[in-house]
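Colleague:
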Amino acid sequence: MGNLNEASAFSQKSPYEIYQEWEGIPAYKDFIVPDLLKLELGHWDRTGGKAAFVNMEGAGGTCDTIVEEIAPGGQLKPVRHMYEKAVFILQGQGATTIWNEGGRKHTLEWQRGSLFSTPLNTWHQNFNAQGSEPVRMISLTDAPVIVNRYRNLDYIFNSSFVFTDRYSGGADEWGKGGRYLPEVKRGRVWESNFIADLWGFQPKDYKERGGDNRTTLFEFVDNTMSAHLSEFPAGKYKKAHRHGAGAHIVMLTGSGYSFLWEQGQDRNKKRVEWGRMSMFVPPMQWWHQHFNPGAAPARYLALKPWGFKFNVEDLRDTGEDVKKGGAQIEYEDQDAEIHKIFVRECETRGAQPRMAMFGT
Ligand SMILES: [Fe+2]
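Residue numbers (our numbering): 6 to 365.
1) In this structure, what does DSSP give as the bridge partners for Asn316?
2) Measuring straight from C-alpha to C-alpha, what distance separates Gly269 and Lys329?
3) Using the Cα positions of Trp27 and Ser231, report the straight-line distance between them to the nearest angstrom.
4) Mind checking whether the beta-carbon of Ala332 lies closer than 7 Å to any heavy atom of ligand 1?
5) What is the chain-ordered set of residues for which the beta carbon lies under 6 Å from any non-hydrogen atom of ligand 1?
6) By how many angstroms is the C-alpha of Tyr172 removed from the C-alpha of Asn198?
7) Can you tell me the Cα-Cα spacing of Thr146 and Gly240, whole angstroms?
8) To the nearest angstrom, report how far apart Glu178 and Asp340 are at their CA atoms.
9) When burial is assigned at 16 or more other CB atoms within 10 Å of the CB, is Trp204 buried or exposed?
10) Taking the C-alpha atoms as reference points, what is the distance between Ser164 and Gly79?
11) Tell me where the beta strand (DSSP E) around Arg304 begins and ends.
12) Look at Val286 and Gly54 and say whether their C-beta atoms are less than 8 Å apart.
13) Compute the Euclidean distance between the alpha carbons of Ala12 and Tyr24, then round it to the nearest angstrom.
14) Could you name the residues of the same chain whose beta carbon sits closer than 7 Å to that of Ser16, not counting the 5 residues immediately before and after it, in chain order?
15) With DSSP as the reference, identify every bridge partner of Val92, one or two as the case may be.
16) Glu224 and Lys90 - do their beta-carbons sit closer together than 8 Å?
17) Tell me whether Glu178 sits in a helix, a strand or coil according to DSSP, three-state version.
18) Which value, in whole angstroms, describes the spacing of the CA atoms of Asp210 and Tyr305?
19) I'd like the list of long-range same chain contacts for Lys110, defined as Cβ closer than 8 Å, with 5 residues on each side in sequence excluded.
20) Can you tell me which of the three DSSP states Val348 falls into?
21) Check Val38 in the structure and name its three-state DSSP category.
22) Assess contact between the region 82–101 and the region 128–147, defined as three or more Cβ pairs (one per stretch) separated by less than 8 Å. Is contact present?
23) Report yes if the CB atom of Pro302 is closer than 8 Å to the CB atom of Thr365, and no otherwise.
24) Going by beta carbon distance, what residues of the same chain come within less than 8 Å of Arg184, once the five residues before and after it are set aside?
25) Between Met289, Ile254 and Asp271, which has its C-alpha nearest Trp279's C-alpha?
26) What is the DSSP secondary structure of Ala12, reduced to helix, strand or coil?
27) Looking at the strands, I want to know which residues DSSP matches up with Gln333.
28) What is the residue span of the beta strand (DSSP E) that Glu26 lies within?
29) Between Phe36 and Gly107, what straight-line distance do the alpha-carbon atoms span, to the nearest angstrom?
30) Roughly how many angstroms separate the alpha carbons of Val87 and Lys309, rounded to a whole number?
31) For the putative contact between Lys244 and Gln290, defined by C-beta atoms under 8 Å, what is the C-beta separation to the nearest angstrom?
32) What did DSSP end up calling Ala341 once you bin it into helix, strand or coil?
33) For chain B, find out if any of its Cβ atoms is closer than 8 Å to the Cβ of Lys212; answer yes or no.
34) CA-CA distance, Glu350 and Pro298?
35) Would you kindly work out how many angstroms separate the C-alpha atoms of Glu352 and Lys275, rounded to a whole number?
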């Protein structure tokens, strides 16, 4: 590994950008990725598999994603790192073995739809259990922050420090069970290190966001980062809200569109069209609002560099009216065009608008 501290001093590029070049895999920079399954990957020496970095513009350098593939019947090299990582399985079936330096190994089996996280700096190795198709996975990591700060790849990828406060090596600590925390976020936080299938998980009612939305928040392995799963029905749309940078929205079902705009830029909204396996990220404190004029419920995973277990972000309540100090625009306060456009979109796409408060 090269000397990143030396290579990045007084460079126009960030240490993280130089690290990416050294890794030798594609690095995509986009506002939206239309289909994560179609993204072209390159060989990654670090794991022996295929991979690409995806740096979404809306992430603003707070976090990144890596899309990886394991060949049919294949396995990747064991790795460990001083950045956090949350993994979602986009396609295929396999297993991950984890262990602390010198400790016992534990193996977790997963499939398409599984969400989990390898605890900070644990060794882990990924396997494809099928001989017929590749595994494709996406991970959210906070490597941009860690690499820029430490600028020493030997420390980041080869440190023997064991975070026993996060994972002591016990079989029951990782990949087992889960529970709702009744005291947190009105009971919508599910704490677990492993969710077997996000397509099969029923999220909780979250009426504050409107549109018959349901959301469950996930906290895992004492990470700073977290995730959530949301679903809302066809013919409906949610209220606009805003927060910090880096919430990676991965669409699991449905087709529709979202508006994203900066405060004061109501007439200058950016529109993204999404479908199954699209990914986009609302930029820092941009308002964003999701619309489902399609035929099926819209279900998505959001992978985020902050969570609710550790209070590291200045988070306003995104389910509270902005007039009352929150970070949400109520339906009655939204730009009148928004509903007109939605009705037109439903007509075009054949869905029945079902927004009771507007009479349609
Ligand atoms: Fe959001």
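Quick reminder that beta carbons are idealized off the backbone N, C-alpha and C, glycines included.
Modeller: Inspection of the coordinates gives the following:
1) By 1-based counting over the sequence shown, the position of residue 316 is 311. Paired residues: none, contrary to the question.
2) For the purposes of this step, residue 269 is taken as residue 264 along the sequence shown, with counting starting at 1. For the purposes of this step, residue 329 is taken as residue 324 along the sequence shown, with counting starting at 1. If you take the alpha carbons of Gly269 and Lys329, they lie about 18 Å apart.
3) One-based indexing of the sequence shown puts residue 27 at position 22. One-based indexing of the sequence shown puts residue 231 at position 226. In this structure, the straight-line span from the alpha carbon of Trp27 to that of Ser231 is close to 28 Å.
4) For the purposes of this step, residue 332 is identified with residue 327 of the sequence shown, where counting begins at 1. In this structure, Ala332 has its CB at a distance of at least 7 Å from all heavy atoms of ligand 1.
5) So the residues near ligand 1 by this Cβ test are His246, His248, Ala252, Pro287 and His293.
6) Taking the sequence shown and counting its residues from 1, the one referred to as residue 198 is at position 193. Taking the sequence shown and counting its residues from 1, the one referred to as residue 172 is at position 167. Between Asn198 and Tyr172, the alpha-carbon positions lie close to 11 Å from each other.
7) By 1-based counting over the sequence shown, the position of residue 146 is 141. By 1-based counting over the sequence shown, the position of residue 240 is 235. Their backbone Cα atoms lie some 34 Å apart in a straight line.
8) The residue labelled residue 178 in the question sits at position 173 within the sequence shown. The residue labelled residue 340 in the question sits at position 335 within the sequence shown. In a straight line, the C-alpha of Glu178 is about 48 Å away from that of Asp340.
9) As a working note, residue 204 is residue 199 in the sequence shown. With fewer than 16 other Cβ atoms within 10 Å, it is exposed.
10) As a first step, residue 164 must be located in the sequence shown, where it is residue number 159. As a first step, residue 79 must be located in the sequence shown, where it is residue number 74. Going by the C-alpha atoms only, they are around 26 Å apart.
11) For the purposes of this step, residue 304 is taken as residue 299 along the sequence shown, with counting starting at 1. Counting along the chain, the beta strand (DSSP E) containing Arg304 begins and ends at Ala303 to Lys309.
12) As a working note, residue 286 is residue 281 in the sequence shown. As a working note, residue 54 is residue 49 in the sequence shown. Cβ atoms of Val286 and Gly54: not closer than 8 Å.
13) Residue mapping note: residue 12 aligns to position 7 of the sequence shown, counting from 1. Residue mapping note: residue 24 aligns to position 19 of the sequence shown, counting from 1. Straight-line Cα distance between these residues: approximately 10 Å.
14) Against the sequence shown, residue 16 aligns to sequence position 11. If the five residues before and after Ser16 are omitted, its C-beta is found closer than 7 Å to the C-beta atoms of Ile23, all from its own chain and listed in chain order.
15) Translated into positions along the sequence shown, residue 92 becomes position 87. DSSP lists Phe121 and Ser144 as partners of Val92.
16) As a working note, residue 90 is residue 85 in the sequence shown. As a working note, residue 224 is residue 219 in the sequence shown. No, Cβ-Cβ distance for Lys90 and Glu224 is not below 8 Å.
17) Taking the first residue of the sequence shown as 1, we reach residue 178 at position 173. DSSP places Glu178 in helix when its eight states are reduced to three.
18) Counting from one through the sequence shown, the residue named residue 210 turns up at place 205. Counting from one through the sequence shown, the residue named residue 305 turns up at place 300. In this structure, the straight-line span from the alpha carbon of Asp210 to that of Tyr305 is close to 15 Å.
19) Residue 110 sits at position 105 when you count from the first residue of the sequence shown. When the five nearest sequence neighbours on each side are left out, the beta carbons in the same chain lying within less than 8 Å of the beta carbon of Lys110 are those of Thr102, Ile103 and Trp104, in order along the chain.
20) Start at 1 with the first residue of the sequence shown, and residue 348 comes out as number 343. The answer is helix: DSSP assigns Val348 an H, G or I state.
21) Indexing the sequence shown from 1 puts residue 38 at position 33. Three-state DSSP puts Val38 in a strand.
22) The region 82–101 vs the region 128–147: in contact.
23) The residue you call residue 302 lines up with position 297 of the sequence shown. The residue you call residue 365 lines up with position 360 of the sequence shown. For the pair Pro302 and Thr365, the CB atoms are not nearer than the 8 Å cut-off.
24) Along the sequence shown, read from residue 1 onward, the residue named residue 184 stands at position 179. So the qualifying residues of the chain are Trp195, Glu196 and Ser197.
25) One-based indexing of the sequence shown puts residue 279 at position 274. Of all alpha-carbon atoms in Met289, Ile254 and Asp271, the one lying nearest the alpha-carbon of Trp279 is that of Ile254.
26) If you number the sequence shown from 1, residue 12 lands on position 7. Helix, per DSSP.
27) Here the question's residue 333 lines up with position 328 in the sequence shown. Answer is His246 and Asp326, bridged to Gln333.
28) Start at 1 with the first residue of the sequence shown, and residue 26 comes out as number 21. No beta strand (DSSP E) contains Glu26, which is instead part of the alpha helix (DSSP H) from Pro20 to Glu28.
29) Taking the sequence shown and counting its residues from 1, one reaches residue 36 at position 31. Taking the sequence shown and counting its residues from 1, one reaches residue 107 at position 102. Rounded to whole angstroms, Phe36 to Gly107 spans 42 Å at the Cα level.
30) For this step, residue 87 is matched to residue 82 along the sequence shown. For this step, residue 309 is matched to residue 304 along the sequence shown. Val is not the amino acid found at residue 87; the sequence shown has Met there. Rounded to the nearest angstrom, the two C-alpha atoms are 18 Å apart.
31) The residue given as residue 244 occupies position 239 in the sequence shown. The residue given as residue 290 occupies position 285 in the sequence shown. No, Lys244 and Gln290 are not in contact; Cβ-Cβ is about 16 Å, not under 8 Å.
32) Locating residue 341 in the sequence shown gives position 336, counting from the first residue. Taken through DSSP and simplified to helix, strand or coil, Ala341 comes out as helix.
33) No chain B is part of this structure, which consists of one protein chain only.
34) To locate residue 350, count along the sequence shown from 1; it is residue 345. To locate residue 298, count along the sequence shown from 1; it is residue 293. Glu350 and Pro298 have their alpha carbons spaced roughly 6 Å apart.
35) Within the sequence shown, residue 352 is the residue found at index 347, counting from 1. Within the sequence shown, residue 275 is the residue found at index 270, counting from 1. When rounded, the distance between both Cα atoms is 22 Å.
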